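What follows is a short report on a single structure.
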Amino acid sequence: MSSPILRLVAQRILLGLVLLLAVSVLIFAGTQILPGDVAQAILGQSATPEALANLREQLGLNDPAWLRYVHWLWGILHGDFGTAQSSGLDIATSIGTRLKNTLFLAACAAIVAVPLAIVLGLIAVRYRNGFVDKLISGLALASTSFPEFFIGYVLIYFFAVKWQIFPSISTVDDSTPFLERLQAVVLPATALTLVVLAHMMRMTRAAILNVMQSAYIETAELKGLKAFDIIRKHAFPNAIAPVVNVVMLNLAYLIVGVVVVEVIFVYPGMGQYLVDHVAKRDVPVVQAVGLIFAAVYITLNIVADIAAIVANPRLRHPK
Amino acid sequence: MAGKQAKTRPMADGQASSGKLLDIRNLRIEATVYPPGEAPKTITLVHDVSLTLEKGKVLGLIGESGAGKSTIGLSSMAYGRGGVRITGGEVILNGRDIMKAGPRGVRALRGREVCYVAQSAAAAFNPAHKLIDQVVEATLLHGTANRAEAEKRAVALFKKLSLPNPETIGERYPHQVSGGQLQRVMTAMALCSEPDLIVFDEPTTALDVTTQIDVLAAIKDAIRDTHVAALYITHDLAVVAQVSDEIMVLRHGRLVEWGGTRQIIKEPRQEYTNALVSVHEIEHQEQQPGTTPFLSVKNVTAAYGGGHVKVLKNVSVDIYPAQTLAVVGESGSGKSTLARAITGLLPPEQGTVTFDGRPLANRLADRPKEDLRQLQMIYQMADVAMNPRQTVGTIIGRPLEFYFGMKGRERDKRVAELLDEIEMGKGFIDRYPAELSGGQKQRVCIARSLAAKPKLIICDEVTSALDPLVAHGILKLLLNLQQVEKVAYLFITHDLATVKSIADSVAVMYRGEVVRYGSKSKVLTPPFDAYTDLLLSSVPEMEIGWLEKAIKGRRMASAGN
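Chains as they are written, first to last, in the numbering used here: chain A, 2 to 320; chain Z, 35 to 595.
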């Protein structure tokens, strides 16, 4: 690794941190602007003014906003996300298991979806504008066009109700063994895969087709390489940067955007947790989840940037 | 009929056909074009061209762009670039018709029996892979050697082609190697699988003359030592005369003349060949510099990257009214940067540019409109210097509106006059750039710069992308316009023949410095400084044996120093 790469990578990471800080300010400000009083929400309509005042004092609601922000951020930096107002449970502990579950589901979906999308993209380029290309694009676009809940219920109808291969409810807890856990996420992971497949596939196809115009593709053709080897060996390595970018966006979606799928399959992940607590107007939980989602998004985009930098031979091997 | 005579083989002395490597018969190549706003139509690129090539011989294919040289060359690999289709005739390689070989058969011969060397090696190498991996790829693919043998062969070829560090250069990536070296690596790549035939497609055209001569010599040696046959495609007769046994002249996809190298360059039978052989020469009487220059560049130093990369060092030149200063040098010598400094696109760090006795503002943004009008530019790539969505009338009319506020009929009348001046006529007023030929596009750019009635036009390699005959026409036009409009030119070029045709004074640039400056006759007359000598002696001459003589001269010079 040479210095220009290290410098660029350090620059990206630093930018990401600054961005995350800015997002934390926005999240905090956003939840402050929401109408309603937390103390009132906790104690209910029948609370006496004294009780309300006491609780406000206790929660620090009388402090100025910036001071509360600093306290909040300081706590998060030490792993303390506060306690959920609705249940009184420690948020960090609740999120811990749920984040693990969400990441597990996302990983299962990604392990299938990413290679599948890239291979389908390569095949589509090989048979570009032919029947195979149109079939792949058509199916992928169709699966993306259906809303997730529709795909989810169709899967449940066939695989859980009619043929009874997989469970319709994906409840797992800490004691669930790995294989059972895997079986539980098959249907939600399939639904997620179908949702993200087309975007990655189409982007891979477009990025490679762009490279296929280059003179070095002709060189490879005139060496007698097979069409698919040309795409795999000569076109794909030069299309990595845009492909990684879109893959990372979709991975972020797998983690951040799973709300609907988790609710359908009653999967105890971050999405379900967020939906529950939005309904209960549990502001500390919403803040914490929002911040984690933002961190996931920013991290994956930094990874995409770094991958694009490292994939560039001009930066990897300077003159 | 002369045409028929030319089609018979020049060596008709009963040569046995056993030595025949490539035999192309009545080749016909077509393509479908999609003109804007019209129905697609099929055009014929190559009409009934036949040729034969014996083992170990070199045939030069020569002609202007659109002559079908590359198309014919690539047909020997059963390859059609873009939507090009081979629709008729036979291509017989090593005794079998490759048009009937099927996809698998074609793949088996590409990279094995026939290899290809492209014009721009910089674009033809994959930026993502090491050079050695690309050089041995075809050899491994066709199984003619294992990895260790192939790499050994590659290193030997690197040595033969005089590449620096032959043992380790393969470990580099394409962007780490210079253009001239890449072109040699590409030749090594073509030779590595020990093919019977190599198609060289303008392999030295994109190189500087001083680099071209070395690459040319390396290619010639490699061809001689490996006994490979070659189709050598180029538009430069002087280059092809150095390497080929026979030359075939093509025009508009038809055969014009085919003969031995000596016959083609010394006794051309066809008028077109004669025009190609005798182009270049324009008699231009050098004018003596006037008393006062109207534009003076004094001790200008300029740099990119906030002063890190010095690209101009202490440059001083003068330009006199209605005269031409040619700036010549290889790529990276700072020629175009000088133009950028004069126009204010790259503000100089030190030094001044004086115009009509007063200093010009350093930065373009600080210059009044009147100063902008007086300095106009024409570029190498005429087609990207024009908005493709504007008509010729709009393009030429724009400076008339901008500088003189001309509108309506007055403007149209002036546009028509300008079109007459560039010998095109007002019929072109509603045409779009895409509907013009390369030479016509450059003429429109000239008219656009003239429309501003400038004192100086900076011409940046304006004829470099054009065919010799078209370039000749543009140079003549520029000289005529100079007489009529009394405009001065700063003429940037890497081509010394162009300098001789157009210049009154010459500045030779090397690594950001002016190494020789004065009137044309003075600059081009000995005694020369070392660099000018190298530059002048590198320009190919249309003479058999020139290459060997020039290389020998250079070796002697370097031994003497």
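For glycine and all other residues, C-beta sits at the position ideal for the given N, C-alpha and C.
Please read all numbers here as calculations on a predicted model, not as lab measurements.
query, result
"Any C-beta of chain A under 7 Å from that of Z:G214", "no"
"The beta strand (DSSP E) enclosing A:V247, as first and last residue numbers", "Where A:V247 is concerned, there is no enclosing beta strand (DSSP E), although the alpha helix (DSSP H) it sits in stretches over I241 to V257."
"Residue range of the alpha helix (DSSP H) that includes Z:F389", "Run containing Z:F389: none in the alpha helix (DSSP H); it sits in the beta strand (DSSP E), Q384 to F389."
"Listed by chain order, chain A residues near Z:M111 by CB distance under 8 Å", "L223"
"Members of the stretch 64-98 of chain A that neighbour chain Z once the beta carbon cut-off is set at 8 Å", "none"
"Contact set between Z:L175 and chain A, taken where Cβ atoms lie within less than 7 Å", "K224, G225 and L226"
"Beta-carbon proximity list for A:L255, same chain, < 7 Å, skipping 5 on both sides", "A107, A110, A111, L193 and V197"
"Alpha carbon of A:D306 to alpha carbon of Z:V262, nearest angstrom", "47 Å"
"Residue from Z:A251, Z:A537, Z:S365 and Z:L265 whose Cα sits closest to the Cα of Z:W580", "Z:A251"
"Proximity test, Cβ basis, 7 Å: Z:Y338 and chain A", "no"
"Proximal residues of chain Z, C-beta to C-beta of A:A216 below 7 Å", "A152, S154, A157 and A158"
"Delimiting residues of the beta strand (DSSP E) encompassing Z:D235", "L231 to D235"
"For Z:D352, the residue or residues it bridges with in DSSP", "Z:S330"
"Contacts around Z:S154, its chain only, beta-carbon distance under 6 Å, and the 5 residues preceding and following it disregarded", "A240"
"Residue-level contact to chain Z via CB, A:L278, 7 Å cutoff", "According to the sequence shown, residue 278 of chain A is His rather than Leu. For A:H278, the answer is no, since every Cβ of chain Z falls outside 7 Å of its Cβ."
"Proximity test, Cβ basis, 7 Å: A:P238 and chain Z", "yes"
"Simplified DSSP assignment, three categories, for A:F294", "helix"
"Whether Z:S110 touches Z:T173 by CB criterion (7 Å)", "no"
"Below-7 Å beta-carbon distance, A:T220 vs any chain C residue", "Checking the listed chains, one finds no chain C in this structure; the protein chains it contains are A and Z."
"Assumed close pair Z:I120, Z:I77 - CB separation to whole angstroms, cut-off 8 Å", "Incorrect: roughly 14 Å between the Cβ atoms, too far for contact."
"Closest Cα partner of Z:I298 within the set Z:V283, Z:V540 and Z:L289", "Z:V283"
"Local Cβ density within 10 Å of A:A118, reported as buried at 16 or more and exposed below that", "buried"
"Test: A:P314 CB closer than 7 Å to a CB of chain Z", "yes"
"Residue from A:L188, A:D230 and A:M201 whose Cα sits closest to the Cα of A:P116", "A:M201"
"Residue interval of the alpha helix (DSSP H) (run including Z:L379)", "Run containing Z:L379: none; DSSP gives neither H nor E here."
"C-beta contact flag for Z:Y150 and A:L223 at 7 Å", "yes"
"Distance, Z:V557 Cα to Z:P382 Cα", "26 Å"
"C-alpha distance - A:V257 paired with Z:E147, whole-angstrom precision", "56 Å"
"Of the residues Z:Y338, Z:R588, Z:E575 and Z:I585, the one placed nearest Z:K300, counting alpha carbons only", "Z:E575"
"Minimum Cβ-Cβ distance from A:H200 to chain Z less than 7 Å", "no"
"N-terminal and C-terminal residue of the beta strand (DSSP E) that A:L142 is part of", "A:L142 -> not in any beta strand (DSSP E); alpha helix (DSSP H) instead, spanning F132 to S146."
"CA-to-CA distance, Z:A142 to Z:A50, given in whole angstroms", "Low confidence applies to Z:A50: its pLDDT is 41, below 50, so where it sits in the model is not reliable, and the reading given next is rough at best. Distance between the alpha carbons of Z:A50 and Z:A142 is about 27 Å."
"Closer than 7 Å at the beta carbon, the chain A residues around Z:E171", "K224"
"Short CB-CB distance (under 7 Å) between Z:Y207 and chain A", "yes"
"Beta strand (DSSP E) runs contained entirely in the stretch 473-554 of chain Z, provided each spans 3 or more residues", "490-494, 522-527, 539-544 and 547-553"
"Assigned secondary structure, A:P285 (DSSP; H/G/I helix, E/B strand, else coil)", "helix"
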